[in-house]
Each structure stands twice: as structure tokens, then as C-alpha cells.
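To keep things clear, I will list the structure first and then write my remarks on it.
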Amino acid sequence: DTGVSQDPRHKITKRGQNVTFRCDPISEHNRLYWYRQTLGQGPEFLTYFQNEAQLEKSRLLSDRFSAERPKGSFSTLEIQRTEQGDSAMYLCASSLGDRGTEKLFFGSGTQLSVL
Amino acid sequence: GENVEQHPSTLSVQEGDSAVIKCTYSDSASNYFPWYKQELGKRPQLIIDIRSNVGEKKDQRIAVTLNKTAKHFSLHITETQPEDSAVYFCAARNTGTASKLTFGTGTRLQVTL
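If you're matching them up, the sequences are chains A and B in order.
Position 96, counted from 1, in the first sequence is what this note's numbering calls 113; the numbers after and before it change by one each time, with no gaps.
Position 36, counted from 1, in the second sequence is what this note's numbering calls 164; the numbers after and before it change by one each time, with no gaps.
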């Protein structure tokens, strides 16, 4: 599968624990996005990278959330001191950021359950 | 920022009938409008998109129309089949200034036999 891959697919954790998710974008894509999706809602934007630079963060992204893309390839999203309200599907997406090419391709997501 | 509203939230049609899902957006500068299909437990998949320089785009049984003046766009699925059952999301973006897609809340389409 040469699409966007995410790991793990599912994560169950206790409140207060830290969790880290990984995303591997499509290899030639220079833009990488993190979205969060709760049941019955559309994906909500969290943050965005162009190559290794984090260019935008949503107000949804509290200081407990941090994302990195150290070499402009894979990305990690860490949530510290998890809360029950963090339970959601965390989706990664990538795109080739050339003019006129805006198509976003999503991974299968990481389903987080905070007990 | 951009706000996208989508309706209906649920839609049930009989196999072979047409389905229409409508979205409105708030930012008149938005110029790119994709539609995603998400089956249960799977990733959202891009099924069709349209840019603001065209009013309609068709791909087999799927078509999207855009009315820039009214700031709304619609997804049309003809001759629906059971495998069309899924949640459909519309989205909007200003590709010149905005990096992110803003999504609607989704429409759950159920195609019954």
C-alpha cells in the first residue's frame, strides 16, 4: 500500500498518560496534515506541515498536543496528560503542495480511547 | 475563518434513485470544493472535486455543481447502488491563502434494496 499509513490503528490509554501517534505520508508529498474526527462529525483541522516546518496550528490544539515532522517525511503527534475528551479518531493526510494540486489523501487513522 | 454547513444529515433512498447532498460555505474567497466518502471504519476517500472556475463536473454516476453567487455546492449521485451507502463530507478551501480544508458535518446515505 503506497498511501498514507498511520500507526497504531487503535490506542487505549488511561487518563493522564501520554500517547504518540505516527504518520507516514505518500512519499513525494511535501504537505502533511493532522485532523481529529469525533463520531458524527467531519474532520477538524489540528495542524499542518510543509516539509519540516509547522506552518499552522488550530486553536483546538492545546499545549498538551505537540506535532513534529523532523526530516520532512514522517510525522508524530503526541498528546500529554490525556483527558477523556481527547477520545477521537486522529487522521493524517498528505498532499503535493504544487499550485493547482490540492488533493488531500487520508490515512486510516488512529482511534484513541481514553478511559 | 471558513464555515461549511451540510444537509441533510441523513438520507435514505431506494436503489436506483438519485441522491442529492447540499453544502453552503461562508468565505467567498474559497475556490476548491472536494467531496469525500467515508465507509464505516475506513479512511475518507476523495470521490470528486471542483474548482471555482467551473460550474459543474461529472464523473460517471457522480456530479458536483457549484453556485459561487449563492455560495453553495451540491453532490448528485444517480442510479444509486447499495455500495454507495456511506457518510459523505463536503469541504471548502481558499487555495491561495488557506492551508486547510474545512469540512461539513457529513451526510449518512443509506441505499435500500
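Ideal Cβ placement from N, Cα and C applies to all residues, glycine included.
Quick check: the stretch 144-161 of chain B against the stretch 216-235 of chain B, are at least 3 beta-carbon pairs closer than 8 Å?
A contact exists between the stretch 216-235 of chain B and the stretch 144-161 of chain B.
Determine the chain A residues that contact residue 232(B) at a beta-carbon separation under 9 Å, and present them in chain order.
What residue 232(B) touches in chain A: 59.
So is residue 124(A) in contact with chain B if we call contact Cβ pairs under 8 Å?
Yes, its Cβ sits closer than 8 Å to a Cβ of chain B.
Check the Cβ-Cβ distances between residue 155(B) and every residue of chain A, and say whether any is below 8 Å.
False, the Cβ-Cβ gap to chain A never drops below 8 Å.
Is the CB-CB distance between residue 178(B) and residue 194(B) below 8 Å?
Yes.
Starting from the Cα of residue 83(A), find the closest Cα among 51(A), 43(A), 30(A), 44(A) and give me that residue.
Residue 51(A) is the option with its Cα nearest to residue 83(A).
Taking CB distances under 8 Å as the criterion, tell me whether residue 119(A) reaches chain B.
With 8 Å as the cut-off, residue 119(A) counts as an interface residue toward chain B.
Please report how far the alpha carbon of residue 196(B) lies from the alpha carbon of residue 162(B), in whole angstroms.
Cα to Cα, residue 196(B) sits roughly 15 Å from residue 162(B).
How would you list, in chain order, the residues of chain B whose beta-carbon sits under 9 Å from the beta-carbon of residue 62(A)?
Chain B residues near residue 62(A): 227, 228, 229, 230, 231.
Indicate the three-state DSSP secondary structure (helix, strand or coil) for residue 162(B) in the structure shown.
The answer is strand: DSSP assigns residue 162(B) an E or B state.
Mind checking residue 92(A): buried by the 16 CB within 10 Å criterion, or exposed?
Buried, because 16 or more other Cβ atoms sit within 10 Å of the Cβ of residue 92(A).
Which word fits residue 57(A), buried or exposed, when buried means at least 16 other C-beta atoms lie within 10 angstroms of its C-beta?
So residue 57(A) ends up on the exposed side.
Distance cutoff 8 Å, beta carbons only. Does residue 72(A) sit that close to anything in chain B?
So, interface residue.
Which stretch, first to last residue, makes up the beta strand (DSSP E) that contains residue 96(A)?
It spans 92-96 - the beta strand (DSSP E) in which residue 96(A) sits, taken as one unbroken run.
Is residue 65(A) close to chain B, meaning its C-beta is less than 8 Å from at least one C-beta of that chain?
At least one chain B Cβ lies under 8 Å of residue 65(A).
How long is the line joining the alpha carbons of residue 136(B) and residue 235(B), rounded to whole angstroms?
Answer to the nearest angstrom: the Cα atoms are 6 Å apart.
Between the C-alpha atoms of residue 68(A) and residue 119(A), what's the straight-line distance to the nearest angstrom?
Distance between the alpha carbons of residue 68(A) and residue 119(A) is about 15 Å.
Quick one: using the 10 Å Cβ neighbour count with 16 as the cut-off for buried, is residue 31(A) buried or exposed?
By the neighbour-count rule (16 or more Cβ atoms within 10 Å), residue 31(A) is not buried but exposed.
Thinking C-beta only, is residue 89(A) closer than 8 Å to residue 107(A)?
No.
Could you tell me the distance, in whole angstroms, from the CA atom of residue 232(B) to the CA atom of residue 139(B)?
For residue 232(B) and residue 139(B), the distance between alpha carbons rounds to 15 Å.
Please report how far the alpha carbon of residue 229(B) lies from the alpha carbon of residue 62(A), in whole angstroms.
Their Cα atoms are separated by approximately 8 Å.
Flag this pair as yes or no: are the beta carbons of residue 54(A) and residue 105(A) separated by less than 8 Å?
Yes, Cβ-Cβ distance for residue 54(A) and residue 105(A) is below 8 Å.
Output, in chain order, the set of chain A residues within a Cβ distance shorter than 9 Å of residue 189(B).
Result: empty, since nearest Cβ-Cβ is about 20 Å, beyond 9 Å.
At 3 residues or longer, what runs of the beta strand (DSSP E) sit wholly inside the stretch 45-116 of chain A?
DSSP runs (the beta strand (DSSP E)) wholly in the stretch 45-116 of chain A: 48-54, 61-67, 70-74, 82-85, 92-96, 105-112.
Does residue 203(B) have its Cβ less than 8 Å from a Cβ in chain A?
Residue 203(B) does not count as touching chain A.
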